[in-house]
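Under this note's numbering, the sequence shown has 387 at position 11, and the numbering climbs by one with no breaks.
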Amino acid sequence: MRRSFGISTPELTSVNLTRHLQQMGARVQCTTTREHMIYTVDVAPNFAVRAGYLLCSMASASCYYSWELNDIVYKLMRKDVDTLNRRNLSGLGMELLHEAAFGTSDSGCGLGYSLISPVDRIGSHLIDQINEYHSRAFVGEKCVLGIVHSRADVDGIDILKQVKSSINLNPPHLEASSDNHGFVGGEIRRDLIAASTVYAYLAWPSRGFWPVCDLIVCALNGSSNRIHHGGNASKSLLARTAIEGDIDTEAVAFHKVYSDHGLFGIAVAGSCPKTVGSRIKRIISVLRSANFTEENLKQAKQILRADLMFRYENPFHSLVDISTNLLSPTNQSVKPIEVVASVNKTDLKSFNDAINKIVTSNHAAFSLVGPNLGSIEPLHVLLKE
377 MRRSFGISTP ELTSVNLTRH LQQMGARVQC TTTREHMIYT VDVAPNFAVR AGYLLCSMAS
437 ASCYYSWELN DIVYKLMRKD VDTLNRRNLS GLGMELLHEA AFGTSDSGCG LGYSLISPVD
497 RIGSHLIDQI NEYHSRAFVG EKCVLGIVHS RADVDGIDIL KQVKSSINLN PPHLEASSDN
557 HGFVGGEIRR DLIAASTVYA YLAWPSRGFW PVCDLIVCAL NGSSNRIHHG GNASKSLLAR
617 TAIEGDIDTE AVAFHKVYSD HGLFGIAVAG SCPKTVGSRI KRIISVLRSA NFTEENLKQA
677 KQILRADLMF RYENPFHSLV DISTNLLSPT NQSVKPIEVV ASVNKTDLKS FNDAINKIVT
737 SNHAAFSLVG PNLGSIEPLH VLLKE
């Protein structure tokens, strides 16, 4: 669906769509996450209604011709697969981590499925199947339309009302119930002899929206993931797990957030599989014995508050954040000030208790991509150290 975005609509061909958008100086984008499809257009205020109309038409009333799919979409999708498997090995590792963490189900959807289509499925979907997906997915209860602007002379509500009329929303679709499962856990390895770097991802389950996990990530990484030459990068907990000979090994903590699930983990990359494996073992040991101080917590709060401030100053991030919050099971938008308040009220005890509870569990997911992976111990052995 991401690659098919904007090809044509029942009223306009791809050539006409491109011409209209270029004349307005508009920038259109379609982003696919594991839970959402996000269509955005960046355009001048005087063209907002027209651009919004075209955007909604492309998103909710798409029309595809067989030659378009064969000549454009499928070629791009095959390129995606080739790039993922040959060039973007870090991305491949993250995709495999989600598969190991959440598995796959009979429903055909879920967090365990890759964002990149398997090569054997490319071209297997008929036009009728694509249209049938539209009829199920583009319904009112699953759609949010938003606008962000900074002009005092612009009536955003009026623009939304005009644009809303162009959305082709289908009636609610009664979907067959399926047994959705949460975190499964496990290990997936992809041995690539020609690769020059080993990528390892280890993650534990967490709640969906949990600012404490973001604080832990900030405490572990310091400023190393924010400023290239961060002054306190060497003081971060993960940096101190490196020993002599680990100069070419990098480690970073991450937190992936979804509506009702989350992944807290570490990513380690290096040229030597044995070095990567030993670094992972040391990190697990350090995490399980970690006892953060008030100074660590204070620094983590400062970094996270700064990150939140920079994110919400971005109009695109603010719009996506509000929209995805409204589509969450709670149907409520969490304001930035509420996130900051939750961060500020976190005390040291709950902070240390949170990380101890997460990393002491043997229920985890592990993915490896690179050469000679046999020298890295299995997940159950690493967690027993």
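C-beta: ideal position from N, C-alpha, C; glycine also.
Query, Result
"Starting from the C-beta of Met453, find all residues in its chain whose C-beta is less than 7 Å away, skip the five residues before and the five after it, and write them out in chain order.", "Arg379, Ser493, Ile498"
"Mind listing, in chain order, the continuous beta strand (DSSP E) runs of no fewer than 3 residues lying wholly within the stretch 571-657?", "574-582, 626-633, 638-646"
"Can you tell me which of Pro747, Asn690, Leu431 puts its alpha carbon nearest to the alpha carbon of Gln538?", "Leu431"
"Starting from Gly456, trace the alpha helix (DSSP H) both ways and give me its first and last residue.", "It should be pointed out that residue 456 corresponds to Asp in this sequence rather than to Gly. Start and end: 450-462."
"DSSP three-state call for Val710: helix, strand or coil?", "coil"
"Around the C-beta of Phe478, are 16 or more other C-beta atoms found within 10 angstroms, so that it is buried, or is it exposed?", "buried"
"Looking only at its own chain, which residues have a Cβ that is under 7 Å from the Cβ of Glu670, when we skip the five neighbours before and after it?", "Leu724"
"Starting from Ile414, follow its DSSP beta bridges and name the residues at the other end.", "Thr407"
"Could you pull the start and end residues of the beta strand (DSSP E) that Gly562 belongs to?", "562-567"
"To the nearest angstrom, report how far apart Leu703 and Ile383 are at their CA atoms.", "26 Å"
"Threshold first: 4 residues or longer. Then list the alpha helix (DSSP H) segments lying entirely within the stretch 522-555, N to C.", "532-540"
"Quick one: what's got a C-beta closer than 7 Å to Ala666's C-beta in the same chain, skipping five residues either side?", "Leu613, Ile731"
"Quick check: the Cα distance between Tyr450 and Ser661, rounded to an integer number of angstroms?", "46 Å"
"Looking at the structure shown, is Val716 part of a helix, part of a strand, or coil, going by DSSP?", "helix"
"State the Cα-Cα distance for the pair Asn690 and Val757, rounded to the nearest angstrom.", "43 Å"
"At what residues does the beta strand (DSSP E) containing Leu744 begin and finish?", "741-746"
"Write down every uninterrupted run of the beta strand (DSSP E) in the stretch 464-520 whose length is 3 residues or greater and which is fully enclosed by it, in chain order.", "none"
"State buried or exposed for Leu502, treating a residue as buried only when at least 16 other CB atoms are found within 10 Å of its CB.", "exposed"
"So, at 7 Å on beta carbons, what are the nonlocal neighbours of His525 in its own chain, with the 5 sequence-adjacent residues on each side left out?", "Pro421, Gly532"
"I think Ile734 touches Phe640, with their Cβ atoms under 8 Å apart; what is that distance to the nearest whole Å?", "6 Å"
"How would you call Met470, buried or exposed, if buried means at least 16 neighbouring beta carbons within 10 angstroms?", "buried"
"Out of Glu753, Lys674, Ala741, which has the shortest C-alpha to C-alpha gap to Asn720?", "Lys674"
"On a Cα-Cα basis, can you pick out the residue from Gly562, Asn461, Leu445, Pro754 that is closest to Ser500?", "Leu445"
"Measuring CB to CB, does Asn748 end up less than 9 Å from Asp567?", "yes"
"Measure the C-alpha to C-alpha separation of Val515 and Ser572 and round it to an integer number of angstroms.", "46 Å"
"With burial defined as no fewer than 16 other Cβ atoms inside 10 Å of the residue's Cβ, what is the status of His605: buried or exposed?", "Here the model assigns His605 a pLDDT of 42, short of 50, so the residue's position is not dependable, and the following value carries that caveat. The residue is exposed, with fewer than 16 neighbouring Cβ atoms inside 10 Å."
"In whole angstroms, what separates the C-alpha of Ala609 from that of Ser582?", "Bear in mind that the predicted position of Ala609 carries a pLDDT of just 47, short of 50, making it unreliable; the figure below should be weighed with that in mind. One C-alpha to the other measures close to 26 Å."
"Can we say the stretch 708-716 touches the stretch 681-695, given the rule of at least three CB pairs closer than 8 Å?", "yes"
"Please report the distance separating the alpha-carbon of Ala402 from that of Ile523.", "15 Å"
"With a threshold of 9 Å between beta-carbons, can Lys711 be considered close to chain E, or not?", "Among the protein chains of the structure shown there is no chain E, as only one such chain exists."
"Cβ atoms of Ile619 and Arg658: under 9 Å apart, would you say?", "yes"
"Rank Gln505, Pro587, Ile656, Val652 by C-alpha distance to the C-alpha of Tyr634 and give the top, closest one.", "Pro587"
"What is the rounded straight-line gap between the Cα of Asp534 and the Cα of Ser541?", "12 Å"
"Provide the residue span of the alpha helix (DSSP H) that contains Asn392, from first to last.", "390-400"
"So, for Met400: in the same chain, excluding its five sequence neighbours on each side, which residues have a beta-carbon less than 8 Å away from its beta-carbon?", "Val419, Ala420, Phe423, Arg426, Ala427"
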